[in-house]
Amino acid sequence: MSGKYTTDYRQDMRLLRTTSQRAIAGVLAVLALLLPFALEADISPPLDFPWAAWFAAINLALIASVGAAAFNLLLGYTHQISVAHAAFLMLGTVVGATMGTLWGVNFIVVLLASLVAGALIGAIVGLPALRFRGLYLLIATFGVHFFFFLGYKKFQTTYFGFNAITFDPPQLPAWLHALPFITPDDDGIFAISGNFRWYWVLLPIAILSILFMNNVIRTREGRSFMAIKEHDVSASLIGINVTRAKLLAFSLSSAFVSLTGVLGAYYIGARGEDSFPFQVVLFYAIMIIVGGFSTMQGAVFGAFFFYMTPVFFDWVRSDVPGISSITLLQRYANETNLAIFGILIIVVLVARPTGLSGIWQRIRQYFATWPYST
Amino acid sequence: MLFTQLLLNGVAIGAVYALTALGFVLVFKATSVLNFAHGAFLMVASYLTVTFLGVYELPFLVGLVIIVVLLAGLGVVLHYGLMRFMIGQAFFSVVLVTVGLEILIRAVLLIFYGPLPRGRVDDLPTGGVELFGGVNVPYVNMIMVAAAAIAVAVFLLFFKRSRVGLQMRAVAENLEAAAAMGIDPNKVYAAAWAIGLSLAAVGGVLYAHFTPAIDLELQVIGLRAFPAAILGGIDSIGGAIVGGLLVGIVESVGAGYLGAEFRDVIAFGIMFLVLLWRPSGLFGTRELVRV
């Protein structure tokens with residue numbers, strides 16, 4: 316549509332194919348590098364705009380974008396409707412708690428272990444997908460959620476008591492202190508705590524994970540996922556090993572969801588059983604559908620939408636003149652946030668079933684085909 | 003005797019599950035919408051029971067009729083105001099609209115009723131019958147089963163005998179042919195929403211007399227409708243009723259012996275076993291695979 320055509324295979328395989336894509340990527344990269352410094356700076360914008368509150372929301376969104384992209388890999392690209400998403404978040408949390416908090420293993424090892432555990436158990440949980448389809452698979456994986464939830468509760472009460480599983484901030488080993496920008500705290504330990512330090516951990520992990528998943532989609536395996544999405548029986552007739560592809564999709568997706576679980580647990584610091592109600596699955600579904608189904612950018616859009624809108628609502632409600640004088644909104648702060656969020660989801664989906672990334676595509680198309688845009 | 007007691011409790015709660023699953027399946031069969039908000043509607047009915055029967059102290063039947071009419075009206079409004087625009091959209095977008103709806107309902111209930119749980123409504127006769135060997139059956143349980151049976155019977159009569167019921171079956175069978183015969187699909191969809199929500203309303207009113215506390219956890223009943231509906235076969239009306247009863251009984255007996263925290267696992271576990279044996283549920287249409 317942009318009038319840019321490729322002439323050889325290498326051009327076709329580039330991640331950023333057009334000048335505008337490269338420009339956007341460059342701008343985003345600069346923004347991503349400058350953002351934490353801007354957020355750390357003690358700025359007080361007019362109308363008490365919640366400058367510092369954005370930082371936590373952005374970090375949470377970075378974590379969630381990995382989980383949302385993994386969910387999208389399974390749901391959007393392979394069309395295996397699995398709602399065992401929160402189950403793997405719990406798995407990641409349990410792996411983190413066992414290895415990190417109980418055994419005291421290094422954070423990076425814990426992250427890798429959570430990937431491995433997620434991949435292995437994901438392949439097992441994917442087994443029903445070989446027999447059930449569509450709705451029946453959805454509900455069967457619902458059962459997986461409750462099974463994991465029971466296990467999680469048992470684990471928590473056995474090792475951590477009734478309140479919550481707690482996580483200490485991960486520490487960088489001493490031999491890394493020689494690196495630039497790393498100045499240990501007064502006690503000689505460099506702990507990853509606070510939004511600023513976490514941002515620099517989460518940003519590369521999120522980018523690498525999403526790039527990895529994006530590249531999987533572009534390979535032979537990814538194309539077999541999409542063949543199964545269209546029709547798994549036809550896919551088997553053109554020589555795709557459906558069993559292998561389905562289990563691989565489950566395994567890959569679960570590995571990254573489990574990673575999300577570990578990251579979330581360490582970032583937040585405490586995870587109780589009420590951190591994983593079944594609605595968590597629906598929240599991730601909201602992220603990928605409102606963001607845009609079957610696109611990796613949709614997962615990122617969705618995650619940021621999900622975590623940043625409540626912060627924005629909070630600010631509008633308490634500090635925008637005119638709105639801040641409505642007592643009903645002040646008295647029922649959380650409730651109105653919830654209600655507006657529900658309405659927003661409905662409005663986005665009714666108006667644009669392709670979600671935010673659909674809107675983004677339309678805007679891009681408008682400028683690309685200007686002045687002949689419709 | 004514990005077993006008999008648990009079995010009878012299971013039948014009572016299973017009756018509510020059956021009602022819920024029936025409404026859920028009806029909406030799905032008619033409109034292909036997987037309604038995640040179904041449990042939330044049941045919750046609305048339970049909270050309305052607190053208002054009409056608990057606070058205004060209306061007689062049970064009057065309150066029941068008012069709540070059923072209110073929710074049926076809500077169903078019609080819902081279809082014409084919202085779900086009509088989602089016809090033909092991707093399955094998941096439609097599902098997520100009902101999730102948004104569920105969030106909205108929860109928020110509205112929180113604003114009107116607050117986060118504190120309300121006590122059980124005791125509008126129905128309390129006490130119970132002592133059976134052989136110390137098995138106790140509260141009157142409420144009997145009324146629940148009877149009322150659920152009546153509601154299901156009325157629904158089946160309507161579905162099989164009335165004109166609208168015939169139109170619903172026709173639209174579910176073949177939308178284009180039905181539309182060509184002069185049936186307005188929108189009316190049929192609205193009717194399905196209205197009936198589905200009225201069944202949820204009956205379930206909610208009954209459950210408000212059964213549960214120890216009415217709070218936002220109540221939508222768990224809606225979650226139980228999933229295994230019940232799937233167990234019976236998602237497109238089978240009779241399957242929903244059998245599935246609901248089965249889930250209620252197995253869950254009650256299992257939780258009685260193993261402990262209450264196993265409730266969810268048991269409900270979904272029994273469904274899983276049935277699905278392994280019959281992948282389309284007990285009475286569901288078998289999916290034909292064609293290339």
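Protein chains in written order, with my numbering: chain W, 316 to 689; chain A, 3 to 293. Ideal Cβ positions, reconstructed from N, Cα and C, are used throughout, including at glycine.
Using only alpha-carbon positions, find the residue among the options that is nearest to residue i.
i	options	result
A:L8	A:D125, A:D124, A:E59, A:V137	A:V137
A:I232	A:E219, A:A202, A:S200, A:R280	A:R280
A:A203	A:G241, A:A20, A:F114	A:A20
W:L343	W:W630, W:I678, W:I504, W:V615	W:V615
A:I197	A:L72, A:V52, A:V64	A:L72
W:S403	W:S569, W:D323, W:I439	Note on residue identity: the sequence assigns Phe, not Ser, to residue 403 of chain W. Considering only alpha carbons, the answer is W:S569.
A:G245	A:V13, A:A181, A:F5	A:V13
W:P484	W:I339, W:G584, W:V557, W:G449	W:G584
A:P117	A:D217, A:L84, A:G205	A:D217
A:A74	A:S200, A:I251, A:G234	A:S200
W:N652	W:T624, W:G673, W:P443, W:D634	W:T624
W:I520	W:I378, W:M541, W:G449, W:S566	W:I378
A:V190	A:L10, A:V29, A:T6, A:G283	A:V29
A:N11	A:V267, A:A47, A:Y209	A:Y209
W:G407	W:F463, W:R448, W:N649	W:F463
Decide if residue i is buried, meaning its Cβ has at least 16 other Cβ atoms within 10 Å, or exposed.
i	result
W:I655	buried
A:I152	exposed
A:E263	exposed
W:H394	buried
W:P262	Residue 262 of chain W is absent from the structure shown; chain W starts at 316 and stops at 689.
W:G554	exposed
A:K31	buried
W:T322	exposed
A:R120	buried
Check whether chain W comes within 7 Å of residue i, counting only Cβ atoms and requiring the distance to be less than that.
i	result
A:G245	no
A:G102	yes
A:I239	no
A:I232	yes
A:S95	yes
A:V52	no
A:A174	no
A:F26	no
A:V2	An answer regarding residue 2 of chain A cannot be provided, because it is not within the stretch 3 to 293 covered by chain A.
Leaving out the 5 sequence neighbours to the left and right, which residues in its chain are closer than 8 Å to residue i when beta-carbon positions are compared?
i	result
W:M316	Low per-residue confidence applies at W:M316: pLDDT is 49, beneath 50, and the placement is therefore not dependable, though the value from the model is reported in the following sentence. Excluding sequence neighbours, W:M316 sits near Q680, A683, T684.
W:E536	A560, L563
W:L450	I396
W:L452	Q395, I396, S397, P443, A444
By how many angstroms is the C-alpha of residue j removed from the C-alpha of residue i?
i	j	result
A:G167	A:F160	6 Å
A:M88	W:T416	47 Å
W:A580	A:S238	42 Å
W:S639	W:A618	27 Å
W:P488	W:F505	8 Å
W:F422	W:M414	9 Å
W:G587	A:Q221	21 Å
W:M611	W:G476	39 Å
A:V18	A:E104	20 Å
A:P140	A:T6	14 Å
W:I339	W:A412	39 Å
W:G670	W:G606	5 Å
W:H492	W:I641	52 Å
W:A626	A:R86	Looking at the sequence itself, residue 626 of chain W is Val, so the reference to Ala does not match. One C-alpha to the other measures close to 32 Å.
Let me see if you follow: with CB-CB separation under 7 Å, is residue i close to chain B or not?
i	result
W:F475	Going by chain labels, chain B is absent from the structure shown, which instead holds the protein chains W and A.
At a Cβ threshold of 7 Å, is residue i touching chain A?
i	result
W:L465	yes
W:P668	yes
W:R632	no
W:R446	yes
W:V424	no
W:M316	Summary for W:M316: the model assigns pLDDT 49, below 50, so the residue's position carries little reliability; its value from the coordinates is reported in the next sentence. Taking Cβ atoms only, chain A never reaches closer than 7 Å to W:M316, which makes this a no.
W:F628	no
Enumerate in chain order the residues of its own chain whose CB-to-CB distance from residue i is below 6 Å, with the five nearest sequence positions on each side excluded.
i	result
A:V67	none
A:H211	V123, L126, V142
A:T100	N37, F38, A39
A:V276	L233
A:G77	W195, A196, L199
A:Q169	I185, V190
Return the chain-ordered list of same chain residues with a C-beta closer than 7 Å to the C-beta of residue i, the five sequence neighbours on each side being excluded.
i	result
A:G224	T22, H40, G41, A42, L44
A:L3	Correcting the residue identity first, residue 3 of chain A is Met in this sequence and not Leu. Only G135, G136, V137 meet the Cβ criterion.
W:V557	I543, D547, A550, S551
Please find out if some non-hydrogen atom of the ligand SAM comes closer than 6 Å to the beta-carbon of residue i.
i	result
A:L159	Questions concerning the ligand SAM fall outside what the structure shown contains, since it holds no ligand whatsoever.
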